Amino acid sequence: MNRPTILTGDRTTGPLHIGHYAGSLANRLRYQDSHDQFLLLADTQALTDNAHDPEKVRRSVIEVALDYLAVGIDPARTTICLQSHLPALAELSMLYLNFVTVARLERNPTIKDEIRARGFGRDIPAGFLCYPAAQAADITAFKATVVPVGEDQAPLIEQTNEIVRRINTTAGRAVLPEARAVIPKAGRLPGIDGKAKMSKSGGNAIALSASPDEIRNAVKAMFTDPNHLRVEDPGRVEGNVVFTYLDAFDTDQNTLAELKAQYQRGGLGDGKLKARLEAILQDLIAPIRARRAEFAQDRGYVFDVIREGTHRARERTEATKRDVVSALGLFEL
Ligand code: TRP
Numbered sequence: 003m004n005r006p007t008i009l010t011g012d013r014t015t016g017p018l019h020i021g022h023y024a025g026s027l028a029n030r031l032r033y034q035d036s037h038d039q040f041l042l043l044a045d046t047q048a049l050t051d052n053a054h055d056p057e058k059v060r061r062s063v064i065e066v067a068l069d070y071l072a073v074g075i076d077p078a079r080t081t082i083c084l085q086s087h088l089p090a091l092a093e094l095s096m097l098y099l100n101f102v103t104v105a106r107l108e109r110n111p112t113i114k115d116e117i118r119a120r121g122f123g124r125d126i127p128a129g130f131l132c133y134p135a136a137q138a139a140d141i142t143a144f145k146a147t148v149v150p151v152g153e154d155q156a157p158l159i160e161q162t163n164e165i166v167r168r169i170n171t172t173a174g175r176a177v178l179p180e181a182r183a184v185i186p187k188a189g190r191l192p193g194i195d196g197k198a199k200m201s202k203s204g205g206n207a208i209a210l211s212a213s214p215d216e217i218r219n220a221v222k223a224m225f226t227d228p229n230h231l232r233v234e235d236p237g238r239v240e241g242n243v244v245f246t247y248l249d250a251f252d253t254d255q256n257t258l259a260e261l262k263a264q265y266q267r268g269g270l271g272d273g274k275l276k277a278r279l280e281a282i283l284q285d286l287i288a289p290i291r292a293r294r295a296e297f298a299q300d301r302g303y304v305f306d307v308i309r310e311g312t313h314r315a316r317e318r319t320e321a322t323k324r325d326v327v328s329a330l331g332l333f334e335l
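Quick note, the sequence shown lines up with residues 3 to 335 if you use this note's numbering.
Here it is, written out as structure tokens:
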């Protein structure tokens, strides 16, 4: 049976949150049955904008691995591997940098947005500017054809395919496959404050490891409709974070539609709505938190999972590197 290969991953900059769950982890659980799935603990890429804090990047490798295992990623069906320990990724990155121009890297919308968001200006780490080429190396080293990513990452897949076509043209044959970005329909979950991006550093995230109190307080602080002052006032559903989260996590969409109508008419208080969301999030996170705590007790097992996955990934990525070197006709000793 030939399953299509999927490669995705996460920068190791901190524990994952419910935005990751809604946007990617829930899908990754399903892909385990239909695809040959690789998950990359992207510690090298994390360094491209966290070089000042290598300790955080190191620590977060285990945090993210724990999150994967806690939500039900099964290492027997999904290969969890560590970017920094796959030398072929670094070697292919260096090679690919010769197939992309600085102008093209600077024009990449993902990079442009991130440079702006981080206030880099011209003081951008070279590794950061070049990470699209490194991500192209990640994807192609596994010969992945399906790359599920958030909408913000789509330009990286486009740039990957440009590099792939250049390499294939130079080689005179299709040594690397092109990849297809699969963007989740749901879109990105906003932070609890209503800001577009949920992030731990922004202080507006609910971690998958959140305690019951943290969940309760986060829901309490959640942005709703600032003009919805009295229960009987009509309220807005659009831009109301509680409804956005209910859209993502409430399995009873009929009741949710009724609640929206009632809220818009007036007569439904934020407190009641938040109580519903809190119960849903407590139910979602409780088993994840419990499994996470169990795995955290057994670090040896987590290390073994990463070590074995990385070993498997190494064979595959080394084979691709040899293919590319040979297809380009470079010197082989
Ligand atoms: N850029 C992704 C993120 O920000 C992580 C990542 C690294 C990745 N390499 C990848 C995603 C390859 C998809 C494919 O989390």
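All residues carry an ideal CB built from backbone N, CA and C; glycine is no exception.
Because the structure is a prediction, the values reported are computed rather than measured.
Status (buried if at least 16 other CB within 10 Å, exposed otherwise) for residue i
i: residue 136; result: buried
i: residue 30; result: buried
i: residue 96; result: exposed
i: residue 305; result: exposed
i: residue 54; result: exposed
i: residue 49; result: buried
i: residue 233; result: exposed
i: residue 332; result: exposed
i: residue 42; result: buried
i: residue 139; result: buried
i: residue 335; result: exposed
i: residue 11; result: buried
i: residue 98; result: buried
i: residue 211; result: buried
i: residue 215; result: exposed
i: residue 26; result: buried
i: residue 243; result: buried
i: residue 150; result: buried
i: residue 35; result: exposed
i: residue 311; result: buried
i: residue 307; result: buried
i: residue 77; result: buried
i: residue 70; result: buried
i: residue 253; result: exposed
i: residue 104; result: exposed
CA nearest to the CA of residue i, picked from the options
i: residue 177; options: 142, 214, 197; result: 142
i: residue 238; options: 193, 184, 266, 146; result: 266
i: residue 250; options: 226, 133, 279, 302; result: 279
i: residue 197; options: 225, 334, 214, 180; result: 225
i: residue 327; options: 13, 288, 34, 94; result: 94
i: residue 146; options: 158, 263, 39, 157; result: 39
i: residue 161; options: 134, 150, 329; result: 134
i: residue 236; options: 227, 8, 243; result: 227
i: residue 245; options: 263, 234, 232, 233; result: 263
i: residue 16; options: 281, 63, 9, 217; result: 63
i: residue 163; options: 150, 240, 182; result: 182
i: residue 336; options: 67, 217, 240; result: Only positions 3 to 335 of the chain appear in this structure, which leaves residue 336 out of reach.
i: residue 4; options: 13, 25, 37, 32; result: 37
i: residue 157; options: 185, 57, 52; result: 185
i: residue 300; options: 65, 103, 221; result: 65
i: residue 2; options: 325, 150, 13; result: Residue 2 is absent from the model: the chain starts at 3 and stops at 335.
i: residue 329; options: 100, 76, 171, 110; result: 171
i: residue 72; options: 28, 86, 111; result: 28
i: residue 14; options: 59, 307, 7, 88; result: 59
i: residue 274; options: 253, 248, 296; result: 248
i: residue 218; options: 70, 281, 320; result: 281
i: residue 187; options: 323, 294, 241, 153; result: 153
i: residue 120; options: 52, 223, 90, 253; result: 52
i: residue 75; options: 90, 33, 296; result: 33
i: residue 319; options: 293, 144, 44; result: 144
i: residue 90; options: 199, 110, 46; result: 46
i: residue 283; options: 92, 213, 102, 298; result: 213
i: residue 321; options: 100, 88, 291, 106; result: 88
i: residue 111; options: 159, 8, 100, 125; result: 159
i: residue 86; options: 8, 223, 44; result: 44
| query | Does the region 122-133 come within contact of the region 79-93, defined as at least 3 CB pairs closer than 8 Å? | reply | no
| request: With a floor of 4 residues, list each alpha helix (DSSP H) that falls wholly inside the region 160-232, ordered by position along the chain. | output: 214-222
| field | the region 256-274 contacting the region 196-206, beta-carbon criterion three pairs below 8 Å | value | no
| For the region 16-27 against the region 180-192, are there 3 or more C-beta pairs whose distance is under 8 Å? | yes
| task | Could I get the ranges of all uninterrupted alpha helix (DSSP H) runs contained in the region 106-156, with 4 residues as the minimum, in chain order? | result | 111-120, 128-131, 133-143
| Fully enclosed by the region 280-330, which alpha helix (DSSP H) runs are 4 residues long or longer? | 301-330
| Sufficient close CB pairs (3 or more, under 8 Å) joining the region 314-321 to the region 167-175 | no
| message | Pairs of beta-carbons, one from the region 109-125 and one from the region 283-299, closer than 8 Å: are there three or more? | response | no
| Contiguous beta strand (DSSP E) assignments of at least 3 residues, all confined to the region 65-93 | 80-84
| query | Which ranges does the alpha helix (DSSP H) cover as unbroken runs of at least 4 residues, wholly within the region 3-54, from first to last along the chain? | reply | 28-36, 45-49
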